[in-house]
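**Student:** Before anything else, here's the structure in question.
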Amino acid sequence: MGITFRKETFRDDYTFRNSPEHVRRFPFPFNEDAYMYAVNIEPHVVGPKGSVLENLIDVDEHYVAEMQDRALVLAEDPLRCQSLPHMTLAGWDLLELLMEQQALGYPEHFTLSRDGDRWRWINRPLGIDDTFTFGDTSTLPYGPMEYITRQSQGDFCILDQRDGNLWMDAGMVTTQADWSLDFDIGMNFFEWHAPVPLAHEKGIFTRALKFLTNIQQGKPARRLNWTMTINPRLDTSPENYHKWGPDRATVTPENVGQKVHLRVELQSFWRLPRSNGIVFPIRCYLIKMDELVTQPKWARRLHRVIRDLPEELATYKGLTRYRPTLVEWLSKLDDGSPTSPGFGPD
Amino acid sequence: MAAKTIISRPVYGTLSPQPGKHHLFIADAEGALAITDMAGKAPAGFFDGAEIVFVPGREGKHVAALEALQPVQLHVAPSFASLLPRLKQTLTNAHMGLRLYLAGTEGLIGQAMQAALEAGIDHTSMQTEHRGSLARRMQCVHCKGITENVTTQPALCAHCGLLLLVRDHYSRRLAAFQGVCINAEDRSEIPPMEEAFP
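Structure, rendered in structure tokens:
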């Protein structure tokens, strides 16, 4: 049985919803009642059936709608997808990885067949059936990275590894939490993370870089990150901040449940075989408060996390304006009882 | 310079003579003084293999001081934009081993470095020294327009007119600091504009 893809929007009338099954598989990012940065990286191995980790590249009910939203973003602003000239080979690496993983996890939706360099890719949800020559860019309608990431959920950064550092030299970034690929492209690991508060002083990035530069082929790693978004908007780019920023001032006690969304990024890190680059998919999951609080444990825990979040982090994540309203709303769902260990719902 | 800074914010040093036979200096305004100060530490004959490209700026000073160093070539240009085609040609034809020295305003250093990066020179191999104005080159993250010589915080985008927070986040590729709308969440909030980068 295949996935039933929802017809929904991430802009204008915001019809995005999670089905009840998708609420329960939401990658809730807090395993205790408080949050602070950590190098929370672990091996990216297959997880329980029915979770977002059932396949290493997750495809879900929002796939078709997310790809439509991406196409709209790219039509407005082609600079969201860029690749420096030396990154084409890494783009082919990525195309191979995503085609293999999607075909492996969802054979009813995707099929990859190969005859030497002659490849045929069938993407049924998007109605694509293309035959091309692997390694020959002229046989695809876009460059390899753009071609496959127009068909894959999440943002993708491709990092070149040299001089003991990682360089943000290519990417498809349309669902980002307020950072600009166009500005950051070409920067090294420390430079593009420069605006993040507190973490540099804690040595987080030095340790993370050491880990990432040692990632081996076939042994991907992952971590979760999170923020909050008002309305289920995928494109919370700095480019459009002046358009979505005003939404943050619209939160009221009456509309918290529908407007405020927890936004979780499942970030994974994969060594690419030919280019020796690292691809860094940033998969975004959204859940509105009304959906999240159907799991009482998550409601209690989120209340405690948001209430006790250090001010610098709240500011960096852009929560300042509506945090009091959100905490007040969540507090009514927190009876003070203990929460069980671990991420999952009870 | 701002007291609290971030890692992407460029750090400048003090020019010092590097070993080698070919030296290219690119400077504007008071950047000339960084070159003349360095000249005191340079070995005899150093400037026999040196070319200086200089934008005097509005005050038009320091040309004579640079002439006195007797570089093999002194090119005086009215603006950075006007010297860029020549600079690109020089960098394209440069041989391995050319030493690059950039001195003056951040805008000059950043744009000269941008041209050198495009020519394949590693940024860590360039000598830099900041002299003179702290004015910033700023890219508006919204409309992508570059505003030159930004001295205030916040600053108006010269292209789209949004009021922008001038961040310390800096891109060598764009040779610009990032400007982000400061009152996006509530346009009626208008913070006072202060002279921050004189």
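As given, the protein sequences belong to chains A and B, one line each in that order. The opening position of the first sequence corresponds to residue 1 in this note's numbering, with each subsequent residue numbered one higher. The opening position of the second sequence corresponds to residue 347 in this note's numbering, with each subsequent residue numbered one higher. Cβ coordinates follow ideal geometry from the N, Cα and C atoms, glycine included.
Compute the Euclidean distance between the alpha carbons of A/V52 and A/P253, then round it to the nearest angstrom.
**Tutor:** For A/V52 and A/P253, the distance between alpha carbons rounds to 31 Å.
**Student:** May I have the straight-line CA-CA distance separating A/K332 from A/A299, to the nearest angstrom?
**Tutor:** So the alpha carbons of these two residues sit roughly 9 Å apart.
**Student:** Confirm, please, whether the CB-CB distance from A/L292 to A/V23 is below 9 Å.
**Tutor:** Yes, Cβ-Cβ distance for A/V23 and A/L292 is below 9 Å.
**Student:** To the nearest angstrom, how far is it from the Cα of A/K49 to the Cα of A/D58?
**Tutor:** If you take the alpha carbons of A/K49 and A/D58, they lie about 12 Å apart.
**Student:** Distance cutoff 9 Å, beta carbons only. Does A/N240 sit that close to anything in chain B?
**Tutor:** Judged by the 9 Å Cβ criterion, A/N240 is in contact with chain B.
**Student:** Which of the three DSSP states is assigned to A/T236 in this structure?
**Tutor:** Looking at A/T236 - three-state DSSP - the assignment turns out to be strand.
**Student:** Taking Cβ-Cβ distances shorter than 7 Å, what residues in chain A pair up with B/H369?
**Tutor:** Within chain A, no residue comes near B/H369; the closest Cβ sits about 25 Å away, beyond 7 Å.
**Student:** With distances taken between CB atoms, is the gap from A/I204 to A/M87 smaller than 9 Å?
**Tutor:** Against a cut-off of 9 Å, the Cβ pair of A/M87 and A/I204 comes out as no contact.
**Student:** Assuming B/I398 and B/L412 make a contact with CB atoms under 8 Å, what is their CB distance in whole Å?
**Tutor:** Indeed, because the Cβ distance is near 6 Å, the residues count as touching under 8 Å.
**Student:** Suppose contacts are defined by Cβ-Cβ distances below 9 Å. Is A/I215 in contact with A/R271 by that definition?
**Tutor:** Cβ distance < 9 Å, so A/I215 and A/R271 count as in contact.
**Student:** Run the CB neighbour count on B/V357, radius 10 Å, all protein chains shown included, and call it buried at 16 or more, exposed below.
**Tutor:** Exposed, by the Cβ-count rule.
**Student:** Hey, does A/H261 have any beta-carbon neighbour from chain C nearer than 9 Å?
**Tutor:** Looking at the structure shown, chain C is missing, and the protein chains on hand are A and B.
**Student:** To the nearest angstrom, how far is the alpha carbon of A/V73 from that of B/H421?
**Tutor:** The alpha-carbon atoms of A/V73 and B/H421 are separated by roughly 46 Å.
**Student:** Measure the C-alpha to C-alpha separation of A/F183 and B/G366 and round it to an integer number of angstroms.
**Tutor:** One C-alpha to the other measures close to 35 Å.
**Student:** Taking only runs that begin and end inside the region 129–204 of chain A, name each unbroken alpha helix (DSSP H) of 4 or more residues, in chain order.
**Tutor:** If we require 4 residues or more, the alpha helix (DSSP H) runs fully inside the region 129–204 of chain A come out as 144–149, 181–184 and 189–192.
**Student:** Let's test the definition: count the other Cβ atoms within 10 Å of the Cβ of A/P29 and tell me whether it reaches 16, buried, or not, exposed.
**Tutor:** So A/P29 counts as buried.
**Student:** Would you mind telling me which residues of chain B sit closer than 7 Å to A/E191, beta carbon to beta carbon, in chain order?
**Tutor:** I353 and S354, listed in chain order.
**Student:** How about A/P195: is its C-beta nearer than 9 Å to some C-beta of chain B?
**Tutor:** Chain B, which has a Cβ nearer than 9 Å to the Cβ of A/P195, makes this yes.
**Student:** Using alpha carbons as the reference points, say which of B/Y516, B/T498 and B/S471 lies closest to B/T313.
**Tutor:** With chain B covering only 347 through 544, there is no way to say anything about residue 313 of chain B.
**Student:** Given a cut-off of 9 Å, decide if B/L509 and B/C527 are closer than it, judged by their beta-carbon atoms.
**Tutor:** Yes, these two residues count as a Cβ contact at 9 Å.
**Student:** Would the beta-carbon of B/F426 be found less than 8 Å away from any heavy atom of the ligand GDP?
**Tutor:** Among the components of this structure there are no ligands whatsoever, and the ligand GDP is therefore not found.
**Student:** Would you mind working out which of A/S19, A/F134, A/S275 and A/E32 sits nearest A/F5, comparing C-alpha positions?
**Tutor:** Taking only the C-alpha atoms, the option nearest A/F5 is A/S19.
**Student:** If the criterion is Cβ atoms closer than 9 Å, does the pair A/I287 and A/V251 meet it?
**Tutor:** No. Outside cutoff.
**Student:** Return no unless some Cβ of chain B is closer than 9 Å to the Cβ of A/L326.
**Tutor:** Chain B, which has no Cβ nearer than 9 Å to the Cβ of A/L326, makes this no.
**Student:** Can you give the Cα-Cα distance for A/T137 and A/D33, rounded to whole angstroms?
**Tutor:** Rounded to the nearest angstrom, the two C-alpha atoms are 49 Å apart.
**Student:** Apply the 10 Å Cβ neighbour rule to B/I536 and answer buried if 16 or more other Cβ atoms are within range, or exposed otherwise.
**Tutor:** Result: exposed.
**Student:** Given that a residue counts as buried once 16 or more other Cβ atoms are within 10 Å of its Cβ, and exposed if not, what is A/Q267?
**Tutor:** A/Q267 should be labelled buried.
**Student:** With a cut-off of 8 Å on the beta carbons, I'd call A/R120 and A/S113 a contact; round off their distance for me.
**Tutor:** With a Cβ gap of about 5 Å, A/R120 and A/S113 count as contacting.
**Student:** With the cut-off set at 9 Å, would you say B/H441 and B/I455 are in Cβ contact?
**Tutor:** No, the pair does not count as a contact, with Cβ atoms beyond the cut-off.
**Student:** Could you tell me whether the Cβ of B/Q457 comes closer than 9 Å to any Cβ of chain A?
**Tutor:** Answer no: the Cβ-Cβ gap between B/Q457 and chain A never drops below 9 Å.
**Student:** May I have a chain-ordered list of the beta strand (DSSP E) segments no shorter than 3 residues that lie completely inside the region 250–312 of chain A?
**Tutor:** Segments of the beta strand (DSSP E) lying fully in the region 250–312 of chain A: 260–271 and 278–288.
**Student:** Would DSSP call B/T351 helix, strand or coil?
**Tutor:** The answer is coil: DSSP assigns B/T351 none of H, G, I, E or B.
**Student:** Could you spell out where the beta strand (DSSP E) holding B/N495 opens and where it closes?
**Tutor:** It spans I492 to V496 - the beta strand (DSSP E) in which B/N495 sits, taken as one unbroken run.
**Student:** Given A/P165, which residues of its chain have a CB within under 8 Å of its CB, disregarding the five upstream and five downstream residues?
**Tutor:** Reading off the sequence, residue 165 of chain A comes out as Asn, not Pro. So the qualifying residues of the chain are N188, F189, F190, L209 and T213.
**Student:** When you compare the CB of B/Q499 with every CB in chain A, is at least one pair closer than 9 Å?
**Tutor:** Chain A contact via Cβ: absent.
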